[in-house]
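Visitor: Before I ask anything, here is the structure I am working with.
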Amino acid sequence: MNVNLWPYIGLARPLIKKRRRGNGNMFRHQFETLAILLEYGYEDPVLLKASLIHDLFEDGEKVGFSGFDSVLSVDEDGPEVFDLVQELSIHVMNNIEEPKGQFLERIMQTGSQRARVLKLADRLSNINSLPSTNDLSFIKRYVEETDLHILPYAEEINKDMAEELKRSLLIFKV
(Lines of atoms letter the chains of each structure in order from A and count residues from 1; the text may use other names and numbers.)
(Lines give C-alpha, C1' and ligand atoms only; values in the text may rest on other atoms or scores of the structure.)
Protein backbone atom coordinates (compact mmCIF):
# COMPACT_ATOMS: atom_id res chain seq x y z
CA MET A 1 0.00 0.00 0.00
CA ASN A 2 1.42 3.36 -1.03
CA VAL A 3 -0.90 6.21 -0.06
CA ASN A 4 0.28 9.82 0.07
CA LEU A 5 -1.40 11.30 3.15
CA TRP A 6 0.72 14.48 3.33
CA PRO A 7 -1.73 16.78 1.51
CA TYR A 8 -4.49 15.73 3.93
CA ILE A 9 -2.23 16.16 6.95
CA GLY A 10 -1.65 19.71 5.73
CA LEU A 11 -5.38 20.31 5.41
CA ALA A 12 -5.97 18.97 8.92
CA ARG A 13 -3.34 21.15 10.63
CA PRO A 14 -5.79 23.97 11.54
CA LEU A 15 -7.54 21.45 13.78
CA ILE A 16 -4.56 21.70 16.15
CA LYS A 17 -6.26 24.86 17.42
CA LYS A 18 -9.52 23.03 18.23
CA ARG A 19 -9.33 21.65 21.77
CA ARG A 20 -11.17 18.48 22.73
CA ARG A 21 -12.98 17.87 25.99
CA GLY A 22 -10.35 16.55 28.35
CA ASN A 23 -6.93 16.34 26.73
CA GLY A 24 -5.67 16.80 23.21
CA ASN A 25 -6.95 18.50 20.12
CA MET A 26 -8.93 17.60 17.02
CA PHE A 27 -5.80 17.22 14.87
CA ARG A 28 -4.59 14.40 17.12
CA HIS A 29 -8.05 12.81 17.06
CA GLN A 30 -7.89 12.61 13.24
CA PHE A 31 -4.67 10.56 13.57
CA GLU A 32 -6.15 8.33 16.27
CA THR A 33 -9.04 7.56 13.93
CA LEU A 34 -6.59 6.81 11.09
CA ALA A 35 -4.61 4.51 13.41
CA ILE A 36 -7.75 2.54 14.29
CA LEU A 37 -8.54 2.03 10.61
CA LEU A 38 -4.98 0.87 9.89
CA GLU A 39 -5.01 -1.42 12.91
CA TYR A 40 -8.14 -3.12 11.57
CA GLY A 41 -6.57 -3.64 8.15
CA TYR A 42 -8.26 -0.93 6.09
CA GLU A 43 -6.22 0.13 3.06
CA ASP A 44 -8.79 2.09 1.03
CA PRO A 45 -6.98 5.36 0.15
CA VAL A 46 -10.20 7.42 0.13
CA LEU A 47 -11.19 6.11 3.57
CA LEU A 48 -7.73 6.72 5.05
CA LYS A 49 -7.46 10.22 3.59
CA ALA A 50 -10.95 11.13 4.78
CA SER A 51 -10.09 9.94 8.28
CA LEU A 52 -7.45 12.69 8.50
CA ILE A 53 -10.00 15.43 7.78
CA HIS A 54 -13.26 13.84 8.92
CA ASP A 55 -13.99 16.69 11.36
CA LEU A 56 -12.69 19.51 9.18
CA PHE A 57 -16.03 20.48 7.62
CA GLU A 58 -17.73 20.72 11.03
CA ASP A 59 -14.88 22.30 12.98
CA GLY A 60 -12.74 24.03 10.36
CA GLU A 61 -14.49 27.39 10.40
CA LYS A 62 -14.19 27.48 14.21
CA VAL A 63 -10.40 27.59 13.80
CA GLY A 64 -10.22 29.86 10.76
CA PHE A 65 -10.18 27.26 7.97
CA SER A 66 -12.30 28.16 4.95
CA GLY A 67 -10.68 26.29 2.06
CA PHE A 68 -13.13 23.42 2.00
CA ASP A 69 -13.22 23.31 -1.80
CA SER A 70 -9.43 22.81 -1.82
CA VAL A 71 -10.11 19.20 -0.82
CA LEU A 72 -11.59 18.64 -4.29
CA SER A 73 -8.28 19.31 -6.02
CA VAL A 74 -5.73 18.14 -3.44
CA ASP A 75 -5.13 14.92 -5.41
CA GLU A 76 -6.92 12.40 -7.65
CA ASP A 77 -9.01 11.15 -4.72
CA GLY A 78 -10.04 14.65 -3.62
CA PRO A 79 -13.60 14.57 -4.97
CA GLU A 80 -14.36 11.20 -3.33
CA VAL A 81 -12.73 12.28 -0.06
CA PHE A 82 -14.75 15.51 -0.14
CA ASP A 83 -17.99 13.59 -0.66
CA LEU A 84 -17.19 11.16 2.16
CA VAL A 85 -16.33 13.91 4.64
CA GLN A 86 -19.47 15.78 3.64
CA GLU A 87 -21.53 12.61 4.15
CA LEU A 88 -20.05 12.30 7.66
CA SER A 89 -20.82 15.89 8.58
CA ILE A 90 -23.89 17.05 10.47
CA HIS A 91 -26.36 18.61 8.06
CA VAL A 92 -27.37 22.22 8.64
CA MET A 93 -30.60 23.62 7.22
CA ASN A 94 -31.70 27.22 7.87
CA ASN A 95 -28.90 27.52 10.45
CA ILE A 96 -30.34 24.58 12.41
CA GLU A 97 -28.12 21.54 12.95
CA GLU A 98 -29.44 18.06 12.38
CA PRO A 99 -30.13 16.49 15.81
CA LYS A 100 -27.24 14.26 16.92
CA GLY A 101 -29.32 11.08 17.20
CA GLN A 102 -30.82 11.64 13.75
CA PHE A 103 -27.34 12.30 12.33
CA LEU A 104 -25.93 9.09 13.79
CA GLU A 105 -28.91 7.02 12.62
CA ARG A 106 -28.59 8.52 9.11
CA ILE A 107 -24.95 7.45 8.91
CA MET A 108 -25.44 4.01 10.45
CA GLN A 109 -28.64 3.12 8.57
CA THR A 110 -28.23 4.69 5.14
CA GLY A 111 -24.61 5.83 4.95
CA SER A 112 -22.12 4.37 2.51
CA GLN A 113 -19.95 1.52 3.78
CA ARG A 114 -17.00 3.91 3.95
CA ALA A 115 -19.01 6.38 6.05
CA ARG A 116 -20.17 3.66 8.40
CA VAL A 117 -16.64 2.29 8.89
CA LEU A 118 -15.21 5.75 9.44
CA LYS A 119 -17.96 6.70 11.91
CA LEU A 120 -17.31 3.50 13.86
CA ALA A 121 -13.56 4.20 14.04
CA ASP A 122 -14.30 7.83 14.97
CA ARG A 123 -16.65 6.77 17.76
CA LEU A 124 -14.11 4.24 19.07
CA SER A 125 -11.47 6.99 19.23
CA ASN A 126 -13.92 9.28 21.02
CA ILE A 127 -14.97 6.63 23.55
CA ASN A 128 -11.32 5.83 24.28
CA SER A 129 -10.69 9.51 25.08
CA LEU A 130 -13.63 9.85 27.49
CA PRO A 131 -11.67 8.94 30.64
CA SER A 132 -9.75 12.23 30.31
CA THR A 133 -13.04 14.14 30.36
CA ASN A 134 -14.30 15.38 33.71
CA ASP A 135 -17.77 16.26 32.45
CA LEU A 136 -19.85 13.37 33.78
CA SER A 137 -23.07 14.49 32.08
CA PHE A 138 -21.24 14.58 28.73
CA ILE A 139 -19.82 11.10 29.31
CA LYS A 140 -23.26 9.75 30.23
CA ARG A 141 -24.87 11.31 27.14
CA TYR A 142 -22.07 10.08 24.86
CA VAL A 143 -22.25 6.52 26.17
CA GLU A 144 -26.07 6.54 25.80
CA GLU A 145 -25.76 7.85 22.21
CA THR A 146 -23.31 5.07 21.43
CA ASP A 147 -25.58 2.41 22.92
CA LEU A 148 -28.63 3.70 21.04
CA HIS A 149 -27.26 4.78 17.68
CA ILE A 150 -23.93 3.03 17.06
CA LEU A 151 -23.84 -0.38 18.77
CA PRO A 152 -26.95 -1.78 17.07
CA TYR A 153 -25.14 -1.47 13.71
CA ALA A 154 -21.51 -1.92 14.74
CA GLU A 155 -21.22 -5.68 14.41
CA GLU A 156 -22.41 -5.74 10.79
CA ILE A 157 -19.88 -3.01 9.94
CA ASN A 158 -16.82 -4.58 11.58
CA LYS A 159 -17.22 -7.34 14.15
CA ASP A 160 -13.78 -6.84 15.74
CA MET A 161 -14.14 -3.08 16.01
CA ALA A 162 -17.61 -3.61 17.52
CA GLU A 163 -16.14 -5.92 20.16
CA GLU A 164 -13.49 -3.34 21.07
CA LEU A 165 -16.16 -0.65 21.30
CA LYS A 166 -18.26 -2.84 23.63
CA ARG A 167 -15.22 -3.52 25.85
CA SER A 168 -14.36 0.20 25.91
CA LEU A 169 -17.89 1.08 27.00
CA LEU A 170 -17.82 -1.36 29.93
CA ILE A 171 -15.73 0.96 32.12
CA PHE A 172 -18.55 3.52 32.03
CA LYS A 173 -21.26 1.03 33.01
CA VAL A 174 -19.99 0.06 36.43
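Start counting at 1 in the sequence shown, then tack on 479, and there's your number in my numbering. For each residue, glycine too, the CB sits at the ideal point set by N, CA and C.
From S616 to L526, what does the alpha carbon distance come to, in whole angstroms?
Guide: Going by the C-alpha atoms only, they are around 32 Å apart.
Visitor: Roughly how many whole angstroms lie between the Cα atoms of I495 and F510?
Guide: So the two alpha carbons sit approximately 11 Å from each other.
Visitor: Counting along the chain, where does the alpha helix (DSSP H) carrying P486 start and finish?
Guide: Unbroken alpha helix (DSSP H) run through P486: W485 to A491.
Visitor: Output the distance between the C-alpha atoms of V482 and E623, rounded to the nearest integer angstrom.
Guide: Straight-line Cα distance between these residues: approximately 36 Å.
Visitor: Can you give the Cα-Cα distance for L563 and D556, rounded to whole angstroms?
Guide: Their Cα atoms are separated by approximately 11 Å.
Visitor: How many Å lie between G580 and V553 at the Cα?
Guide: Cα-Cα distance, rounded: 32 Å.
Visitor: With K598 as the anchor, note down where its alpha helix (DSSP H) starts and where it stops.
Guide: Start and end: Q592 to S608.
Visitor: Could you tell me whether the Cβ atoms of L603 and Y621 are closer together than 9 Å?
Guide: No, they are not a contact pair.
Visitor: Taking contact to mean at least 3 C-beta pairs separated by less than 8 Å, is the region 575 to 590 in contact with the region 624 to 637?
Guide: A contact exists between the region 575 to 590 and the region 624 to 637.
Visitor: On the three-pair Cβ rule with 8 Å, is the region 593 to 603 touching the region 635 to 646?
Guide: At 8 Å Cβ cutoff, the stretches touch.
Visitor: Compute the beta-carbon to beta-carbon distance between D534 and H508, rounded to the nearest angstrom, for a pair I have assumed lies under 8 Å.
Guide: Correct: roughly 7 Å between the Cβ atoms.
Visitor: Given this structure, state the Cα-to-Cα distance separating E518 from M480, to the nearest angstrom.
Guide: Those two C-alpha atoms are separated by around 14 Å.
Visitor: Which of helix, strand or coil does DSSP assign to V571?
Guide: Here V571 sits in strand by DSSP.
Visitor: With a cut-off of 8 Å on the beta carbons, I'd call T625 and L648 a contact; round off their distance for me.
Guide: Contact holds; Cβ gap of about 6 Å.
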